[in-house]
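Sequential numbering of the sequence shown, starting at 1, is according to full-length UniProt numbering. Heads up: the structure comes next, in C-alpha cells.
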Amino acid sequence: MAQSATEPGGTGPGAELAALVASYDPTADKALIEQAYDFAAAAHADQRRENGDPYITHPLAVAHILAGYRLDSASILTALLHDTVEDTSVSLALLERRFGADVAKLVDGVTKLGRIELQSEHTKQAENFRKLVLAMSEDIRVLLVKLADRLHNMRTLHFVERAEKRRRVARETADIYAPLAERIGMDAIKTELEVRAFREIEPDAYQTIVARLSFLRGQGADLIEEIRADLLRVLAEDGVEGADVSGREKSPVSIWLKMKEKKVEFEQLSDIMAFRVIVPDKTACYAALGSVHSHYRVVPGRFKDYLSTPKQNGYQSLHTGVTVPARRNAKIEVQIRTREMHEVAEFGVAAHWIYKQGGHSGSERKRFPWVRDLLEILDNTGNEAASFLENTKLALHQDQVFCFTPKGELIALPRGATPVDFAYQVHSAVGDACVGAKINGQIKPLRQPLENGDQVEIITARGGTPNPAWERFVVTGKARARIRRVVLAKQRADQQENGRGAIARAFRQEGIEATGERVERAAKVLKQGSPEELYLTVGAGNISARDVVYAAEPELRGPPRVADALSLTRARGKPGQTVALPPRRAGEAATGITGLVAGMPVAYAGCCHPVPGDRIIGIVATGKGVTIHRADCHTLAQFAATPERFLDVDWEMADGAVHVARLNIVATDEGPALSAITIAVGKHGARLSRLKIKHRASDFIEVEVDVEVTDTRHLSNVMAALRACPGVEEVERSKG
1 MAQSATEPGG TGPGAELAAL VASYDPTADK ALIEQAYDFA AAAHADQRRE NGDPYITHPL
61 AVAHILAGYR LDSASILTAL LHDTVEDTSV SLALLERRFG ADVAKLVDGV TKLGRIELQS
121 EHTKQAENFR KLVLAMSEDI RVLLVKLADR LHNMRTLHFV ERAEKRRRVA RETADIYAPL
181 AERIGMDAIK TELEVRAFRE IEPDAYQTIV ARLSFLRGQG ADLIEEIRAD LLRVLAEDGV
241 EGADVSGREK SPVSIWLKMK EKKVEFEQLS DIMAFRVIVP DKTACYAALG SVHSHYRVVP
301 GRFKDYLSTP KQNGYQSLHT GVTVPARRNA KIEVQIRTRE MHEVAEFGVA AHWIYKQGGH
361 SGSERKRFPW VRDLLEILDN TGNEAASFLE NTKLALHQDQ VFCFTPKGEL IALPRGATPV
421 DFAYQVHSAV GDACVGAKIN GQIKPLRQPL ENGDQVEIIT ARGGTPNPAW ERFVVTGKAR
481 ARIRRVVLAK QRADQQENGR GAIARAFRQE GIEATGERVE RAAKVLKQGS PEELYLTVGA
541 GNISARDVVY AAEPELRGPP RVADALSLTR ARGKPGQTVA LPPRRAGEAA TGITGLVAGM
601 PVAYAGCCHP VPGDRIIGIV ATGKGVTIHR ADCHTLAQFA ATPERFLDVD WEMADGAVHV
661 ARLNIVATDE GPALSAITIA VGKHGARLSR LKIKHRASDF IEVEVDVEVT DTRHLSNVMA
721 ALRACPGVEE VERSKG
C-alpha cells in the first residue's frame, strides 16, 4: 500500500521511488530518499486527503511526477516533504538538519504563507504568489515542485465537495499555473492543467466539445492515421530521411479558445488536428517544410519560424497549416522539429537535468528573462497585492511579436505591444523618459501596435516622466506596473506637499505656527503613524487641515454640531446588495462652483464624490457641461491626452449645502460594526444615504457607504468617529 513505510529489505513506496530516481541518476542517495518518504509518512500520519486516502499518497504522487521528468534528488526530496512545514509541526530547521540546507530552502519556497489576517481570498492568493515568484527567482526547481503539486491536486479536484472551492482552484490554475508551465516549456503539464481547469470552469462547453470529437472520431476513425501515412509518403518521396510523424486531435480547451477567437461554432472549425514531424537535424526541418508545402495547399498566415527566433522558453519548431485535398479537404497544423527540440518542447526546463546531469545552476534571472520581468513587476507594485496579480497575469498570458532596436538587439514582446511597452522592456529608465518613437524610421504614435520585424527607436527627454494615460494602452504587466508606481509616487509627493501647506495655513489662521511638536501631537491623536503620513492624509482629503489644528490644540474647537438622530440604526445585506435610504430632505441645495461659464450645466462625479473643501478639477464634455472631480480621482487619467478638457474650478461656499462623500470601510464584526457605523454618522450631523456590502468573508466585511456632509471638515469629523468605532479597521474615501 502507498502509505506503508519502507521495509528494511528495501521494498515499499519509498524504496520503489528511490530505485526509479537511481535508474536515471546513478549518483542519487537512495537511502536519503527512503528516509524522506518515511519522515513525510510519519509527519502526515493523522491526515487524510479529500477522497479519504492517507495524505502521504499526495507527496508521493508529486515525487513520481517529477521523477517522470528525471529531476534531481533535491527536487524529489522536496516533493516528498513539501507539505510538512505548512500542514504539520515540522520546522524548517529540522528539515535542514535531516536533509540539508538546499532541500529546506526549496521546501520553504513551496510553502504558503501563514494565515494572513483581515484579507480576502484574492489578496491571500496574490501574497502567496508573490512569495513563489521570489523563491523561484532564486531556484526554478521551486516552480517545478509547485507545478507537480498543482497537477496532482487538479487530478483529484473532483473529490473536493465545495463547488466554489473547485472553481477557485481551477481559475487560479488557468490564470497562473498553466501559463507558468508554458513559460518554462513544460507543454504536457501545461496542457493537462488547462484541460482539467477548463472542465471545471466551463463544464457544459467541455462536455459538448468532447462529445463532438467523439462523434467525429466515429465518423472518420482512420482519418488521423491516413494523413499520417500520407505525410510519411511525401517526405520519403522527397528524400527526407529518418522522419517520424505522429498525429492527434487538439485539446478541448484549445478548440474552445479558437471558437471564441473566431466567433464560430464547433462545426465551422476545420483545423482540429495537429501533426508532429520529427527529423534528425535542423537542415532536415527546412527540407521537410518544403516537402509539405510542395504537396499540400498552404493556409495563408499560418507559417511561424520558431527555429530562427525561438520562444522565450527555448521552444523551437516550424509551424505551418495546410489543406489535405485527398483526405476530405482536412485542414491540419504541422509542427516540424528535431528530436532534441522535441525533448525541450515536452520537458522544458527539466531538459536541463536530462541533458546535463550537473544539477542546478542557480542563475534563474539570467536564464529566464520572464522571471526578471515578474520581479520588476513585484518591485513596481510594492504592497499592492491585487495589482501584482493583475500585472503578472498580463505578463504570462500573451503571444509574441519580435522587434529590434536600432543596434539590432532582438526584443520579444506580447502581441499588441506598443512603443511604450518596447521602451520599458529595454529599461525602466528608458520607458520613464520616453516622449516619442520611430518605427522603421518614421515617427509614429506611442499607442501604435508593433508588428513582427519592426525596428523601434525610442526618443527620450531628460527628466521625462510617464504619462498616466499610457496605462490605458500598454499591454505588458511590466510597463503597467512601472507607470502606476511612478504616477502614484508623484501623486503621493504632491499630496504630501499640499497637506503640509494646508496644515501650515490652518495653524496660521489661528495665529499660531505648525511646529513639529504640534504636528506630531495631532498625528498621534488622529491615529496617523507619523507627521509625513498625516501630511499625506490631509493632502488626499481624508482629514481636513482644520481638524489637525483641533487635534493639536483642542481648546480651539468650537461647540459640536448636533443633528437629528439617524433613522437607520442597523443595516444588513448580502455582498453586492445596496441598502437604499430615504431621499435628501427639501432645501438641501447643491454647493456652487466658481470658474464656470454662465449657464453651463454642472454635475458631480459619481466615481470620487467631491465635497466642499476638496481640491477639484472640472472636465468639459461637449453638449453635456462640466463634471466636477476630486483632484486625486483615478478617473482623471483617462483625460490626460486631452488637456484642453480640463477646467480650473473652485468651490463657492453656500450655507446649508449638502454633498455626498463615498467611503470604503473594513470591519471585523458585522452586526455590531454596522450598527456602530450608522450611529456614529448620525451623531456627527451627517446622513447615511446608501450602504452596500461589497465583500463578506468569515472574519471581515468590506462596506461602501455614501454619507451626506457639508464640507471636508464635516467629513473628517465623521471619518474620525468611524475609525473609533469598535470593530472598524479601515476607513478611506473612494478615489474612483
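We treat Cβ as the ideally placed atom computed from N, Cα and C, and that holds for glycine.
Using a C-beta cut-off of 8 Å, the stretch 478-488 makes no contact with the stretch 446-464, since fewer than three inter-stretch Cβ pairs fall below that distance. Counting only unbroken stretches of 3 or more residues, the beta strand (DSSP E) elements lying wholly within the stretch 218-291 are 244-249 and 273-279, in sequence order. The shortest CA-to-CA distance from Gly185 to any of Glu86, Gly247 and Gln316 is the one to Gln316. Shortest Cα-Cα distance from Ser214 to any of Ile272, Lys258, Glu194 and Glu261 involves Ile272. Using a 10 angstroms sphere on the CB of Gln425, the tally of other CB atoms reaches 16 or more, which defines it as buried. Between His714 and Val660, the gap from beta carbon to beta carbon reaches 7 Å or more. When the five nearest sequence neighbours on each side are left out, the beta carbons in the same chain lying within less than 7 Å of the beta carbon of Arg199 are those of Tyr206, in order along the chain. Counting every other CB atom within 10 Å of its CB across the protein chains shown gives His427 a total below 16, marking it as exposed. An exposed status is given to Gly290, since fewer than 16 other beta-carbon atoms sit within 10 Å of its beta-carbon. For the pair Glu702 and Val666, the CB atoms are nearer than the 7 Å cut-off. Asn153 is classed as buried because its beta carbon has at least 16 other beta carbons within 10 Å across all chains shown. Shown here, Gly68 sits in a helix according to DSSP, grouped into three states. Following the DSSP letters along the chain, one finds Pro310 in no beta strand (DSSP E), marked with neither H nor E.
In the DSSP assignment, Tyr604 is bridged to Ile628. For Lys331, the enclosing beta strand (DSSP E) covers residues Ala330 to Thr338. Annotation: Thr710 to Ser675 spans about 23 Å, alpha carbon to alpha carbon.
With respect to the 7 Å criterion, Ala673 and Val718 are not classified as neighbours on the basis of their beta carbons. Taking the CA atoms as reference points, Lys250 sits about 44 Å from Ile693. Bridge pairing for Lys444: Ala437 [DSSP].
Pro612 is bridged by DSSP to Asp614. Closest in alpha carbon position to Thr88, among Tyr55, Ile439 and Val234, is Tyr55. In the same chain as Cys285, and ignoring 5 residues on each side of it, the C-beta atoms closer than 7 Å to its own belong to Val279, Leu307, Leu318, Ile336, Arg337 and Thr338, in chain order. Put simply, the stretch 227-242 does not touch the stretch 172-179. Fewer than three CB pairs are less than 8 Å apart. Asp648 sits exposed, since fewer than 16 C-beta atoms from the chains shown fall within 10 Å of its C-beta.
Within a 10 Å sphere around the beta-carbon of Thr642 sit fewer than 16 other beta-carbons, which makes this residue exposed.
Counting C-beta atoms within 10 angstroms of its own C-beta, Gly109 has 16 or more neighbours from the protein chains shown and is therefore classed as buried.
With respect to the 7 Å criterion, Ala287 and Val322 are not classified as neighbours on the basis of their beta carbons. Judged by their CB atoms, Phe347 and Thr320 are not nearer to each other than the 7 Å cut-off. As the crow flies, the alpha-carbon of Asp650 is around 38 Å from that of Ala423. Three or more beta-carbon pairs separated by less than 8 Å link the stretch 72-91 to the stretch 36-56, which places the two stretches in contact. By the neighbour-count criterion, in which a residue is buried when 16 or more other Cβ atoms sit within 10 angstroms of its Cβ, Ala461 is exposed. If one requires a minimum length of 3 residues, the beta strand (DSSP E) runs lying completely within the UniProt domain "ACT" (662-736) are 687-696, 701-709 and 728-733, in chain order.
For Ala412, the uninterrupted beta strand (DSSP E) segment begins and ends at Leu410 to Pro414. If you draw a straight line from the Cα of Ala148 to the Cα of Pro59, it comes to about 10 Å. DSSP lists Pro54 as the beta-bridge partner residues of Arg48.
Within the stretch 447-523, the complete beta strand (DSSP E) segments of 3 residues or longer fall at 456-460, listed in chain order.
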